Amino acid sequence: MLLGETVRISLTSIRSNLFRALLTMLGIVIGVGAVITMVALGTGAQRQIDKQMAALGGDILSIQSSSWFSRGVARNQRTLTTDDAAALSRGMKHVSAVVPEINSRYQIKYGNQNLNITTIGTTPNYPDVHGFNFAYGNMFSAADEAARKRVVVLGAEIPEMFDADPAALIGRTIQIRSITFEIIGVLEPKGGFGWRNPDDDVWIPLSTAQFRVTGDEFVETISAKIAPTSSTEMAMLEIERVLRREHGILPGNDNDFAIMDRRQFAESRQEATQVFTYLLAGIAGVSLVVGGIGIMNIMLVTVTERTREIGVRKALGATRGNILLQFLVESTILCLLGGLIGLLLGATASALLARYAGWQTAMSTGSALMAFGFSATVGIVFGIWPARRAAGLDPIEALRHE
Amino acid sequence: MGGSFIDALRCVDLDIVPGEYVAIRGQSGSGKSTLMNIIGCLDRPTAGEYWLNGDRVSTMNDKQLARIRNLEIGFVFQTFNLLPRMSALANVEVPLIYSGRKRKHRFALASAALETVGLGDRMSHRPSEMSGGQRQRVAIARALVTNPSILLADEPTGNLDSNTGKEIMDLFDRLHDEGNTVIVVTHEQHIAKRASRVVRLSDGDVVSDTYMSES
Ligand SMILES: Nc1ncnc2c1ncn2[C@@H]1O[C@H](COP(=O)(O)OP(=O)(O)OP(=O)(O)O)[C@@H](O)[C@H]1O
Ligand SMILES: [Mg+2]
Numbered sequence: 001m002l003l004g005e006t007v008r009i010s011l012t013s014i015r016s017n018l019f020r021a022l023l024t025m026l027g028i029v030i031g032v033g034a035v036i037t038m039v040a041l042g043t044g045a046q047r048q049i050d051k052q053m054a055a056l057g058g059d060i061l062s063i064q065s066s067s068w069f070s071r072g073v074a075r076n077q078r079t080l081t082t083d084d085a086a087a088l089s090r091g092m093k094h095v096s097a098v099v100p101e102i103n104s105r106y107q108i109k110y111g112n113q114n115l116n117i118t119t120i121g122t123t124p125n126y127p128d129v130h131g132f133n134f135a136y137g138n139m140f141s142a143a144d145e146a147a148r149k150r151v152v153v154l155g156a157e158i159p160e161m162f163d164a165d166p167a168a169l170i171g172r173t174i175q176i177r178s179i180t181f182e183i184i185g186v187l188e189p190k191g192g193f194g195w196r197n198p199d200d201d202v203w204i205p206l207s208t209a210q211f212r213v214t215g216d217e218f219v220e221t222i223s224a225k226i227a228p229t230s231s232t233e234m235a236m237l238e239i240e241r242v243l244r245r246e247h248g249i250l251p252g253n254d255n256d257f258a259i260m261d262r263r264q265f266a267e268s269r270q271e272a273t274q275v276f277t278y279l280l281a282g283i284a285g286v287s288l289v290v291g292g293i294g295i296m297n298i299m300l301v302t303v304t305e306r307t308r309e310i311g312v313r314k315a316l317g318a319t320r321g322n323i324l325l326q327f328l329v330e331s332t333i334l335c336l337l338g339g340l341i342g343l344l345l346g347a348t349a350s351a352l353l354a355r356y357a358g359w360q361t362a363m364s365t366g367s368a369l370m371a372f373g374f375s376a377t378v379g380i381v382f383g384i385w386p387a388r389r390a391a392g393l394d395p396i397e398a399l400r401h402e
Numbered sequence: 001m002g003g004s005f006i007d008a009l010r011c012v013d014l015d016i017v018p019g020e021y022v023a024i025r026g027q028s029g030s031g032k033s034t035l036m037n038i039i040g041c042l043d044r045p046t047a048g049e050y051w052l053n054g055d056r057v058s059t060m061n062d063k064q065l066a067r068i069r070n071l072e073i074g075f076v077f078q079t080f081n082l083l084p085r086m087s088a089l090a091n092v093e094v095p096l097i098y099s100g101r102k103r104k105h106r107f108a109l110a111s112a113a114l115e116t117v118g119l120g121d122r123m124s125h126r127p128s129e130m131s132g133g134q135r136q137r138v139a140i141a142r143a144l145v146t147n148p149s150i151l152l153a154d155e156p157t158g159n160l161d162s163n164t165g166k167e168i169m170d171l172f173d174r175l176h177d178e179g180n181t182v183i184v185v186t187h188e189q190h191i192a193k194r195a196s197r198v199v200r201l202s203d204g205d206v207v208s209d210t211y212m213s214e215s
């Protein structure tokens with residue numbers, strides 16, 4: 001018998017009990033929808049990290065105070081100072097540039113608007129080292145820095161946050177912690193940079209931050225650019241040696257700072273995301289299997305319910321193979337249909353998550369095909385047992401079935 | 001089953017030659033339907049043998065049996081056995097599907113068969129939307145549609161008025177005249193009279209087997 005005929009028979013029998021067909025499919029719909037959404041989320045996260053990786057220079061080390069244990073309690077104390085930064089900028093062989101950062105969130109006032117913005121006190125070489133370009137104006141100079149001038153450079157998104165035209169902002173003033181600063185530059189957007197978006201930060205001279213705003217000598221981070229001919233390891237060793245000397249750490253004692261290769265950090269984040277994606281997809285896959293078992297249950301009920309029909313078909317010339325194929329095709333159609341609906345559901349869910357929750361999602365044809373193939377497999381695997389039962393029925397007993 | 005065994009059929013030694021017209025009679029429960037099921041290759045005798053066209057049926061495989069049920073035998077069941085979720089036309093088409101006929105062909109054959117039993121205007125009705133007599137005629141159309149060489153009819157006129165019953169029996173006569181074998185279970189004298197041979201069953205035994213002279 002033709003496959004087309006079998007498909008038609010199956011469609012007729014599905015249509016004659018549409019509500020049950022929908023209930024049967026529900027497990028597959030949810031399973032496929034979940035797999036699609038999870039994979040889309042994972043792929044989205046992956047893409048975002050890839051973008052960040054591309055934005056990161058590979059040649060910058062990040063030095064931070066490390067938390068250490070004191071009487072069993074983790075202390076997250078700052079240990080890096082502007083003096084350390086100064087020491088690292090003198091006579092280093094493997095470090096070509098050093099950029100200290102003092103980070104704090106402050107109330108910033110423009111006109112009558114108040115916003116809480118991360119303010120970074122840093123040195124004039126910051127844009128060069130971190131690869132920022134100016135949309136308007138310039139970076140503050142070494143002279144500004146030496147004079148502790150009250151000048152500020154704005155991140156690309158700041159003008160918009162104050163509803164102001166970026167070009168017109170140059171020369172205007174804002175208040176940081178009630179201290180008036182003159183705006184001298186606006187950066188071009190750069191986008192995600194690890195865990196923060198730098199486009200909504202502002203930058204002021206390090207000395208200004210230290211003496212006029214925070215009032216202490218500590219810095220959060222020192223970025224060190226590795227010299228072009230040096231390796232990451234050589235730069236790390238050199239930095240470690242200098243800082244241990246500066247901090248007076250005795251041999252055998254632990255560092256009170258940490259040197260991180262941000263690229264390496266991003267790579268491990270990428271791996272973690274990948275593992276997480278597989279985990280989520282795996283859990284969603286389990287729901288697919290459960291959905292398949294649901295299909296099997298209903299198909300078994302269907303076989304029992306349609307015993308007489310099977311008897312009639314056999315009495316009229318259906319072979320074992322015909323019956324087997326009919327039930328197999330029926331469960332496969334159910335699964336494929338469920339897979340299709342699940343696909344649409346997953347695509348919608350990913351789109352909604354991207355739109356309203358702001359999560360990065362990326363649908364791929366690969367995951368769509370995989371979900372589709374998987375639901376077809378589920379249909380066949382979980383359809384085989386009921387179909388075999390149907391095919392094996394004795395015609396006369398099937399006809400006598402009430 | 002249940003503990004006690006009932007022999008639905010006991011001493012049945014029948015030889016039916018191609019082209020015969022046999023009427024089977026007997027009280028209710030005498031084993032007529034059981035015999036028909038065996039002849040129709042649906043049931044197998046627990047003891048004894050059934051040979052069809054020179055082949056022992058008990059040694060046939062699933063494919064061979066399906067082929068015989070599909071092409072050689074037309075079976076009008078006592079309880080009709082129509083598929084409830086399908087139209088009359090679709091019911092009549094079922095055996096044609098399994099013999100691999102094309103759609104267009106099937107439609108032509110099935111609608112012609114329904115016309116012959118007088119149901120040309122009820123083709124799209126489901127069994128539940130039809131009277132008992134109409135259902136019986138759908139079952140007859142389904143048995144005739146493959147133009148079988150052996151027609152088995154288990155009380156085919158039980159639900160029909162005498163006029164329609166006569167038309168159906170005329171149809172069977174025609175099939176017989178074309179050289180096919182017809183076996184009919186009936187309680188009615190005037191139907192049995194059309195047959196060339198009457199087999200009488202009682203409690204699973206053949207109690208009489210009479211050849212009638214053509215009248
Ligand atoms: N599946 C079965 N299990 C046990 N006994 C059965 C079964 N089918 C039929 N019988 C018995 O076999 C006997 C013959 O049944 P059968 O259906 O052949 O009778 P029948 O001659 O066709 O009767 P009727 O004229 O009422 O249709 C009956 O006594 C019945 O109880
Ligand atoms: Mg009977």
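Keeping their order, the protein sequence lines are chains A and B.
Under the working numbering, the first residue of the first sequence carries the number 1, and numbering increases by one thereafter.
Under the working numbering, the first residue of the second sequence carries the number 1, and numbering increases by one thereafter.
Heads up, the beta-carbon is just placed ideally off N, CA and C, and yes, glycines get one too.
All values derive from a computational prediction rather than experimental measurement.
1) Nearest CA to the CA of residue 53/B: which residue from 91/B, 64/B and 47/B?
2) For residue 133/A versus residue 185/A, is the C-beta spacing smaller than 8 Å?
3) Just verifying my parser: in three-state terms, what is the DSSP assignment at residue 11/A?
4) Could you compute how far the alpha carbon of residue 88/B sits from the alpha carbon of residue 148/B?
5) Just checking residue 33/B against ligand 2 - is the residue's beta carbon closer than 7 Å to any of the ligand's heavy atoms?
6) Ligand 2 and residue 154/B: does the residue's C-beta get closer than 7 Å to at least one heavy atom of that ligand?
7) Around the Cβ of residue 314/A, are there at least 16 other Cβ atoms within 10 angstroms (buried) or fewer (exposed)?
8) Relative to the C-alpha of residue 346/A, which candidate in 40/A, 21/A and 3/A has its C-alpha closest?
9) Output the boundary residues of the alpha helix (DSSP H) element that contains residue 232/B.
10) Could you please give the first and the last residue of the uninterrupted beta strand (DSSP E) stretch that includes residue 258/A?
11) Which class does residue 181/A belong to by DSSP, given the choice of helix, strand or coil?
12) For residue 350/A versus residue 363/A, is the C-beta distance shorter than 8 Å?
13) Can you check DSSP and say which residues form a bridge with residue 113/A?
14) Would residue 43/B count as contacting chain A if we go by Cβ distances under 8 Å?
15) Can you pull the chain B neighbours of residue 16/A, defined as C-beta to C-beta under 9 Å?
16) How is residue 385/A classed by DSSP in three states: helix, strand or coil?
17) Out of 310/A, 141/A, 129/A and 158/A, which has the shortest C-alpha to C-alpha gap to residue 135/A?
18) Mind checking who residue 209/B pairs with in its DSSP beta bridge?
19) What residues match up with residue 134/A in a beta bridge as DSSP calls it?
20) Any residues in the region 92-105 of chain B with a beta carbon nearer than 7 Å to a beta carbon of chain A? Which ones, in chain order?
21) Run down chain A in chain order and give the residues with a C-beta less than 7 Å from the C-beta of residue 63/B.
22) Whose CA, out of 393/A, 353/A, 295/A and 369/A, lies closest to the CA of residue 323/A?
23) Please determine, among 47/A, 89/A and 128/A, the residue with the shortest C-alpha to C-alpha distance to residue 269/A.
24) I want to know whether the region 173-185 of chain A touches the region 85-95 of chain A - three or more CB-CB distances under 8 Å.
25) In angstroms with no decimal places, state the Cα-to-Cα distance between residue 93/B and residue 37/A.
26) Going along chain B, which residues have a C-beta under 7 Å from residue 313/A?
27) Taking only beta carbons into account, state which residues of the region 268-284 of chain A come closer than 8 Å to chain B, listed in chain order.
28) Quick check: is the beta carbon of residue 165/B nearer than 8 Å to any beta carbon in chain A?
29) Report yes or no: is there a C-beta of chain A within less than 8 Å of the C-beta of residue 2/B?
30) State buried or exposed for residue 206/B, treating a residue as buried only when at least 16 other CB atoms are found within 10 Å of its CB.
31) Measuring straight from C-alpha to C-alpha, what distance separates residue 129/A and residue 198/A?
32) Given 7 Å as the limit, tell me if residue 30/B has its C-beta closer than that to any heavy atom belonging to ligand 1.
33) Where does residue 84/B sit, in a helix, a strand or coil, going by DSSP?
34) Using C-beta distances below 7 Å, list every residue in its chain close to residue 271/A, excluding the 5 sequence neighbours before and after it, in chain order.
35) By the 10 Å Cβ neighbour count, where 16 or more other Cβ atoms means buried, how is residue 180/B classified, buried or exposed?
In terms of the structure at hand:
1) The sequence position of residue 53/B within the second sequence is 53, counting from 1. The shortest Cα separation from residue 53/B among 91/B, 64/B and 47/B belongs to 64/B.
2) Position 133 of the first sequence, counted from the first residue, corresponds to residue 133/A. Position 185 of the first sequence, counted from the first residue, corresponds to residue 185/A. Against a cut-off of 8 Å, the Cβ pair of residue 185/A and residue 133/A comes out as no contact.
3) Indexing the first sequence from 1 puts residue 11/A at position 11. Looking at residue 11/A - three-state DSSP - the assignment turns out to be helix.
4) As a first step, residue 88/B is located in the second sequence; it is residue number 88 there, counting from the start. As a first step, residue 148/B is located in the second sequence; it is residue number 148 there, counting from the start. If you take the alpha carbons of residue 88/B and residue 148/B, they lie about 19 Å apart.
5) Within the second sequence, the letter at position 33 stands for residue 33/B. Yes.
6) Taking the first residue of the second sequence as 1, we reach residue 154/B at position 154. True, at least one ligand heavy atom lies under 7 Å from that Cβ.
7) For the purposes of this step, residue 314/A is taken as residue 314 along the first sequence, with counting starting at 1. With 16 or more Cβ atoms within 10 Å of its Cβ, residue 314/A is classed as buried.
8) Residue mapping note: residue 346/A aligns to position 346 of the first sequence, counting from 1. Cα-wise, what sits closest to residue 346/A is 40/A.
9) The structure shown does not extend to residue 232/B, since chain B is modelled only from 1 through 215, so no value can be given for it.
10) Within the first sequence, numbered from 1, the residue matching residue 258/A stands at position 258. Looking at the DSSP string, the run of the beta strand (DSSP E) that includes residue 258/A is 257-261.
11) For this step, residue 181/A is matched to residue 181 along the first sequence. Residue state, collapsed to three classes: strand.
12) Numbered from 1 along the first sequence, position 350 holds the residue referred to as residue 350/A. Numbered from 1 along the first sequence, position 363 holds the residue referred to as residue 363/A. Taking 8 Å as the Cβ cut-off, residue 350/A and residue 363/A qualify as a contacting pair.
13) On the first sequence, position 113 is the one that residue 113/A refers to. In the DSSP output, where bridge partners are listed per residue, residue 113/A has 110/A.
14) Working through the second sequence from its first residue, we reach residue 43/B at position 43. Closer than 8 Å: yes.
15) The residue labelled residue 16/A in the question sits at position 16 within the first sequence. Here the neighbours are 85 and 86.
16) For the purposes of this step, residue 385/A is taken as the residue at position 385 of the first sequence. Residue 385/A falls in the helix class under three-state DSSP.
17) The residue you call residue 135/A lines up with position 135 of the first sequence. Measuring from the Cα of residue 135/A, the nearest candidate turns out to be 158/A.
18) Taking the second sequence and counting its residues from 1, the one referred to as residue 209/B is at position 209. 199/B, per the DSSP bridge assignment.
19) The residue you call residue 134/A lines up with position 134 of the first sequence. Answer is 187/A, bridged to residue 134/A.
20) 94, 95, 97, 98, 99 and 100
21) The residue given as residue 63/B occupies position 63 in the second sequence. Chain A residues near residue 63/B: 319.
22) Residue mapping note: residue 323/A aligns to position 323 of the first sequence, counting from 1. Taking only the C-alpha atoms, the option nearest residue 323/A is 393/A.
23) Position 269 of the first sequence holds residue 269/A. Residue 269/A has its Cα closest to that of 47/A, out of 47/A, 89/A and 128/A.
24) no
25) Numbered from its first residue, the second sequence carries residue 93/B at position 93. Numbered from its first residue, the first sequence carries residue 37/A at position 37. Their backbone Cα atoms lie some 45 Å apart in a straight line.
26) The count along the first sequence starts at 1 and reaches residue 313/A at position 313. In chain order: 94.
27) none
28) Here the question's residue 165/B lines up with position 165 in the second sequence. It does not: the Cβ of residue 165/B has no partner Cβ on chain A nearer than 8 Å.
29) Position 2 of the second sequence, counted from the start, is the residue given in the question as residue 2/B. Residue placement at residue 2/B is poorly supported in this model, since its pLDDT is 37, which falls under 50; the coordinates still yield a value, given next. No, residue 2/B lies away from the interface with chain A (no Cβ there is under 8 Å from its Cβ).
30) By 1-based counting over the second sequence, the position of residue 206/B is 206. Buried, because 16 or more other Cβ atoms sit within 10 Å of the Cβ of residue 206/B.
31) As a working mapping, residue 129/A is identified with position 129 in the first sequence. As a working mapping, residue 198/A is identified with position 198 in the first sequence. Going from the Cα of residue 129/A to the Cα of residue 198/A covers about 14 Å.
32) Residue mapping note: residue 30/B aligns to position 30 of the second sequence, counting from 1. Checking every heavy atom of ligand 1 against the Cβ of residue 30/B, one is found closer than 7 Å.
33) Counting from 1 along the second sequence, the entry for residue 84/B is found at position 84. It is coil, neither helix nor strand.
34) Within the first sequence, the letter at position 271 stands for residue 271/A. Result list for residue 271/A: empty, nothing under 7 Å.
35) Translated into positions along the second sequence, residue 180/B becomes position 180. Result: buried.
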